[in-house]
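Respectively, the protein sequence lines represent chains C and Z. When you read off a place in the first sequence, starting at 1, and then add 23, the result is the number in my numbering. When you read off a place in the second sequence, starting at 1, and then add 23, the result is the number in my numbering. The beta carbon of each residue, even a glycine, is placed where N, CA and C say it ideally should be. Note that the structure is a prediction, hence the values are computed from the model and not measured.
2 protein chains.
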Amino acid sequence: MVNQAVRKIASGNESRSSSQTERATLALREMLVRGQLRPGEKIREVPLSAQLNISRIPLHLALERLANEGFLETLPKRGFRVQRFSVEDINDAIELRGVLEGAAARLAAERLKDPLALGQMREISREILILVRRSKMTMEGYTRYIDLNARFHSALLDISGSRMLRRAIERVCCLPFASPSAFLNRQYNSTDLRELFLISADQHCEIVEAISNREGARAENIAREHARVARRNFEDAMRRREPIDDLAGAKLVSL
Amino acid sequence: MVNQAVRKIASGNESRSSSQTERATLALREMLVRGQLRPGEKIREVPLSAQLNISRIPLHLALERLANEGFLETLPKRGFRVQRFSVEDINDAIELRGVLEGAAARLAAERLKDPLALGQMREISREILILVRRSKMTMEGYTRYIDLNARFHSALLDISGSRMLRRAIERVCCLPFASPSAFLNRQYNSTDLRELFLISADQHCEIVEAISNREGARAENIAREHARVARRNFEDAMRRREPIDDLAGAKLVSL
DNA sequence: CTGTTTGAAAATGCATGCAATCTGTCGTCG
DNA sequence: CGACGACAGATTGCATGCATTTTCAAACAG
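1) Suppose you measure from the CA of Ala178/C to the CA of Asp115/Z; what does that come to, to the nearest Å?
2) Which chain C residues are close to Leu55/Z, counting only those with a beta carbon under 8 Å from its beta carbon?
3) Please report the distance separating the alpha-carbon of Arg134/C from that of Gly142/C.
4) Under a Cβ-count criterion, where at least 16 other Cβ atoms within 10 Å of its own Cβ denotes burial, should Val110/Z be classed as buried or exposed?
5) Using 8 Å for Cβ pairs, my map puts Leu188/C next to Arg167/C. What's the rounded Cβ distance?
6) Which residues, in order along the stretch 105-118 of chain C, keep a beta-carbon less than 7 Å from a beta-carbon of chain Z?
7) In chain order, which continuous runs of the alpha helix (DSSP H) of length 4 or greater are located wholly inside the stretch 148-190 of chain Z?
8) State the start and end residues of the unbroken beta strand (DSSP E) segment that holds Arg104/Z.
9) Can you tell me which of the three DSSP states Glu2/C falls into?
10) Would Ala242/C pass as a contact of Ile230/C if the rule is Cβ separation under 9 Å?
11) Since Leu86/Z is in the alpha helix (DSSP H), which residue starts that stretch and which ends it?
12) For the stretch 144-152 of chain C against the stretch 250-261 of chain C, do three or more pairs of beta-carbon atoms, one drawn from each stretch, fall closer than 8 Å, so that the two count as touching?
13) Since Arg88/Z and Ser277/Z are thought to touch, with beta carbons under 8 Å apart, how far apart are those beta carbons, to the nearest angstrom?
14) From Ala273/Z to Arg263/Z, what distance separates their C-alpha atoms?
15) With hydrogens ignored, establish whether the beta-carbon of Arg264/C is closer than 8 Å to any heavy atom of the ligand ADP.
16) Using beta carbons (cut-off 9 Å, strictly below), is Ser177/Z in contact with chain C?
17) Buried or exposed: which applies to Leu119/C, given that a residue is buried once 16 or more other Cβ atoms fall within 10 Å of its Cβ?
18) Which first and last residues belong to the beta strand (DSSP E) in which Leu95/C is found?
19) Checking contacts by CB at 9 Å: is Lys31/C closer than that to chain Z?
20) Along chain Z, in chain order, which residues have C-beta atoms closer than 9 Å to that of Ser41/C?
21) Flag Arg255/Z as yes if its beta-carbon sits less than 9 Å from any beta-carbon of chain C, otherwise no.
22) Using a Cβ-Cβ cut-off of 8 Å (strictly less than) and excluding sequence neighbours within five positions of Leu171/Z, which residues of its own chain qualify?
23) Answer with yes or no whether the minimum CB distance from Gln27/C to chain Z is below 9 Å.
24) Tell me whether the beta-carbon of Ala173/Z lies closer than 9 Å to the beta-carbon of Pro138/Z.
25) Rounding to the nearest angstrom, what Cα-Cα distance links Leu55/C and Arg194/C in this structure?
26) For Lys100/C, which option in Lys65/C, Leu275/C, Asp112/C has the closest C-alpha, if you only look at C-alpha atoms?
27) If the cut is a Cβ gap below 8 Å, which residues of chain Z does Met261/C touch?
28) Cutting at 7 Å between CB atoms, please list the residues of its own chain near Cys280/C, excluding the five before and the five after it.
29) With a threshold of 16 other CB atoms inside 10 Å of the CB of Thr48/C, please say whether the residue is buried or exposed.
30) With distances taken between CB atoms, is the gap from Gly125/C to Asn244/C smaller than 9 Å?
31) What residues from the stretch 55-80 of chain Z come within 9 Å of chain C, judged by C-beta to C-beta, listed N to C?
32) When the Cα of Gly102/C is compared with those of Leu82/C, Ile117/C, His249/C, which residue comes out closest?
33) Mind pulling the chain Z residues with CB within less than 8 Å of Leu188/C?
34) Count the other CB atoms, across all protein chains shown, that sit within 10 Å of the CB of Met24/Z; report buried if there are 16 or more and exposed otherwise.
35) For Phe69/Z, does the count of other Cβ atoms within 10 angstroms reach 16, so buried, or fall short, so exposed?
36) Report the rounded CA-to-CA distance for Ser42/Z versus Leu98/C, giving the unit in angstroms.
So this is what it looks like as structure tokens:
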């Protein structure tokens, strides 16, 4: 048996994350996305806790969290099983994100008090436009795009002013393939992908304009189409049978 | 110290629910809805576990579940706090449910393969219509309405065929004031409320018709308006300053 | 009088081991 | 030959106690 103090020191060397539960959550999420735990597989807590060098209580807490995020299915009184996702699930998750962001855009348009509050969003959308217009996207440009994109979506939620909507969107985006930056890490110099980037950037700008003009329905529609770009990107990747290792969470998909 | 076996027998007498965690979850949810744990209050696990006669591990698991349902806020490394909801949060939660059920109705219309699949929904909507047309609603009629209503919404999700959407709606409806039957237990003979019941029943029927005709946009709009009936009902109750004890989860609301 | 330090009390995090439940297998009966 | 039931191993659920972190208030410095 391993002494608590010894274990604490050992794990402290591996990672300086704050708690065992958090460490377990991160490790498991990584394993899931990498496909080291296969869809449909039943989780056995004892061997897994030994493998991660984490005792069963924090492991169990981590499993419960991942189940809530949607990665695992909980079998009452029988533990956990790795969730199986179909291609339809992925499409539906992206569609759902579109619906929710559409609602956020509409609420933002309906509730906007001071048009100056849009300043940040407008700025971000301009920066994105400049970025994607550059003929060749560098690796830094690419990570910068992801950052700007995340900030745009966060700012939209701020303006919509709905905690409930934020909660719902956060939950959908737990699933890696549903997040806005899910299918961006493809061959980022391909012409097709560049076109999608441009379309996406234009949609950002038009969403801002629609909100600014209080055109709720239009803002909603564009935001929905914006999510559909991710869907097209995904379907394109599927059609080309790209090595799905690079695609976010594709290891969780069973056909 | 209480022996495990003794405790098991004791709790077995109190309730025949399967696990300690489940019992704790049910007990806490009840306490929250009843307002025995007040918004903003910090949860102290040891006294609470003593009060519920449940040890700290299953209590902690129950708390984590309730946090995921939205009742509690988790303070990392500092435990849990009872969530505070504003009137805007309630309105937004209902609006969100409307958005999601609207999406379900649209998808159902777009994806409907066999119009016969709508048979059950059509039947339910007719039964509801007959029920609410009766001049005086009995208590049994009232509980029957809640049951039929739940079955209608479940059938809609079945036809939409989206697991992701079902997940999202289930999550919103965890919050008692967001669920479809949240604000029905008012003075159920009041004329105003009876009108809302009739409108609601009509909307059920029209949603079915719209889906049947593949009118996705129309189905979506009606489903959204359908949720807005709940919102009107809530706002009406607020305006009249009804004793909010009867309203689902109203004890969680801070102005 | 305000901001900082410190240390004790209280609270959560977690390791361990036991109890109860589930799973799969083998034997028996219909 | 298949269904049912009992037993053993495996697996999760949970109680307990210790370790660590947080809280909070009082002493202290500025």
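This is what the structure gives:
1) 18 Å
2) Within chain C, no residue comes near Leu55/Z; the closest Cβ sits about 17 Å away, beyond 8 Å.
3) 16 Å
4) In this structure Val110/Z is exposed. Its beta-carbon is surrounded by fewer than 16 other beta-carbon atoms within 10 angstroms.
5) Incorrect: roughly 27 Å between the Cβ atoms, too far for contact.
6) Going along the stretch 105-118 of chain C in chain order, one finds Asp112, Asp115, Ala116 with a Cβ nearer than 7 Å to chain Z.
7) 162-183
8) 102-105
9) A question about residue 2/C goes unanswered here, because the residues of chain C that appear run from 24 up to 278.
10) yes
11) 79-92
12) no
13) Contact flag wrong, Cβ pair sits at about 23 Å.
14) 14 Å
15) In the structure shown, the ligand ADP is absent, as is every other ligand, since no ligand is present at all.
16) no
17) buried
18) 95-98
19) Low confidence applies to Lys31/C: its pLDDT is 43, below 50, so where it sits in the model is not reliable enough to give any reading.
20) Pro99, Lys100
21) no
22) Ile147, Glu150, Ile151, Leu154
23) Since pLDDT at Gln27/C reaches only 44, below the 50 mark, its modelled position is unreliable, and no value is offered.
24) no
25) 17 Å
26) Lys65/C
27) Ordered by position in chain Z, no residue passes the 8 Å Cβ test against Met261/C, which lies about 18 Å from the chain.
28) What is shown of chain C runs 24 to 278, which leaves residue 280/C out entirely.
29) Residue environment for Thr48/C: buried (at least 16 other C-beta atoms within 10 angstroms of its C-beta).
30) yes
31) Ile80
32) Leu82/C
33) Neighbours of Leu188/C on chain Z, chain order: Asp115, Leu119.
34) Unreliable placement is indicated for Met24/Z, whose pLDDT of 40 sits below 50; the coordinate value is still reported in the next sentence. Per the 10 Å Cβ criterion, exposed.
35) Contrary to the premise, residue 69/Z reads as Val rather than Phe in this sequence. With fewer than 16 other Cβ atoms within 10 Å, it is exposed.
36) 13 Å
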